[in-house]
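Data first, discussion second: the structure below is written as structure tokens.
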Amino acid sequence: MESTPSEISSSKMFGGYNKRYKHFSPTLGCSMTFYIYFPPSPSPSHKFPVLYWLSGLSCTDENFIAKSGAQRAASTEGIVLIAPDTSPRGLNVEGEADSWDFGVGAGFYLNATQEKWKNWRMYDYVVKELPKLLSENFPQLETSKASIFGHSMGGHGALTIYLKNLDKYKSVSAFSPVANPINCPWGQKAFTNYLGPSKADWEEYDATSLVSKVRDVSATILIDQGDGDKFLHDQLLPNKFEEACRSANVPVLLRLQPGYDHSYFFIATFIDDHIHHHARALKL
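In case it helps, UniProt numbering puts the sequence shown at residues 1 to 284.
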């Protein structure tokens with residue numbers, strides 16, 4: 001199986017290029033796709049910092065690239081955007097596609113411990129395999145300068161990955177994150193199936209639980225949340241995360257945006273703020 005990424009599409013945008021790649025992932029045991037947005041380069045030897053985007057339930061690597069409009073600010077700031085897929089695909093595990101909020105398109109950015117779902121190791125894929133693959137195959141990327149952000153399930157992924165790897169990422173932000181998954185239906189369903197019944201294991205992938213255990217978070221965590229989001233009060237629970245940050249003296253800016261919902265229309269409205277937030281951290 002060829003693990004070197006091969007380019008499968010390329011489209012010019014804001015002076016740079018959206019390029020899609022396919023490779024075999026040893027971590028996940030299947031072929032995976034991901035997108036890179038390369039901004040225009042000032043010189044052949046220039047190296048770009050990278051910003052990882054983690055998408056939400058039922059998304060692929062394509063949603064963010066097609067709908068967010070993030071490339072305009074990324075082009076201006078000189079930041080590479082990396083958009084991986086949200087789960088393994090094509091493994092034909094029984095029940096993997098029975099519901100939109102579990103299995104295919106719903107990897108929850110964790111390492112599953114239950115045998116049936118052993119290929120669901122999106123945490124290792126995002127944190128370990130993908131950065132190594134990028135550094136080995138794209139010399140124009142400065143993968144040691146990285147930040148991370150995401151939406152919904154991907155916001156959960158970005159927050160937890162950041163809090164568990166403060167040495168690897170300069171900053172984090174999220175749109176409408178699943179901020180306290182151990183206390184919401186999406187999280188409880190996913191964690192029960194992927195991780196088993198142990199609540200202690202669940203807490204390792206819950207941003208609200210993790211934030212009380214970390215030290216020395218210096219960069220402000222930026223969260224945008226629409227107050228018209230139908231998932232706000234039963235699934236997302238950003239206030240729980242904000243309270244935990246305050247208790248742990250972790251800097252957080254939770255912005256409740258009046259009237260906005262859970263969609264990419266909301267993301268596109270505020271994406272520039274997030275790109276600039278990460279640009280400041282990546283250029284320090």
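Note that beta-carbon positions come from the ideal geometry of N, C-alpha and C, so glycine has one too.
Paired residues, beta bridge with residue i - DSSP
i, result
"Gly13", "Inspection of the sequence shows that residue 13 is occupied by Met rather than by Gly. Bridge partners of Met13: Gly16."
"Phe38", "Tyr17"
"Ser173", "Phe149, Leu222"
"Cys30", "Ser25"
"Gln257", "Gly226"
"Ser6", "Lys22"
"Leu54", "Gly150"
8 Å contact criterion, which residue i and residue j should meet: CB distance rounded
i, j, result
"Ser176", "Gln225", "5 Å"
"Pro251", "Thr220", "4 Å"
"Met153", "Ala106", "7 Å"
"Ala179", "Leu159", "7 Å"
"Glu142", "Pro49", "6 Å"
"residue 302", "Thr208", "Here the chain has residues from 1 to 284 only, and residue 302 is not among them."
"Trp100", "Ser58", "5 Å"
"residue 301", "His23", "Any answer about residue 301 is impossible in this case: the structure gives the chain only from 1 up to 284."
Spatial distance of residue i from residue j (CA atoms)
i, j, result
"Pro197", "Ile161", "22 Å"
"Ile182", "Ala112", "15 Å"
"Asn18", "Tyr35", "7 Å"
"Ala66", "Pro88", "21 Å"
"Gly29", "Met122", "11 Å"
"His262", "Asp227", "9 Å"
"Leu232", "Asp206", "17 Å"
"Ile267", "Phe64", "9 Å"
"Ala70", "Phe14", "10 Å"
"Trp186", "Trp120", "16 Å"
"Asn165", "Leu110", "14 Å"
"Leu256", "Ser171", "20 Å"
"Gln188", "Lys145", "34 Å"
"Glu203", "Ala97", "26 Å"
"Asp31", "Trp117", "Checking the sequence, you will find Ser at residue 31 rather than Asp. Near 16 Å, if we compare the C-alpha coordinates of Trp117 and Ser31."
"Ala174", "Asp61", "17 Å"
"Leu253", "Leu236", "16 Å"
"Ser43", "Glu94", "50 Å"
Any non-hydrogen atom of the ligand ATP within 6 Å of residue i CB
i, result
"Pro44", "Absence of the ligand ATP from the depicted structure is noted, as is the absence of any ligand whatsoever, leaving it without description."
Just list the alpha helix (DSSP H) runs in the region 61-135, keeping only unbroken ones of 4 residues or longer that don't cross its boundaries, in chain order. 62-67, 70-77
Closer than 8 Å is the cut-off here; do at least three beta carbon pairs connect the region 149-156 with the region 31-39? no
Does the contact criterion of 3 or more C-beta pairs under 8 Å hold for the region 68-82 versus the region 274-282? yes
Alpha helix (DSSP H) runs wholly inside the region 178-254, at least 4 long, in chain order: 185-195, 199-203, 207-210, 238-247
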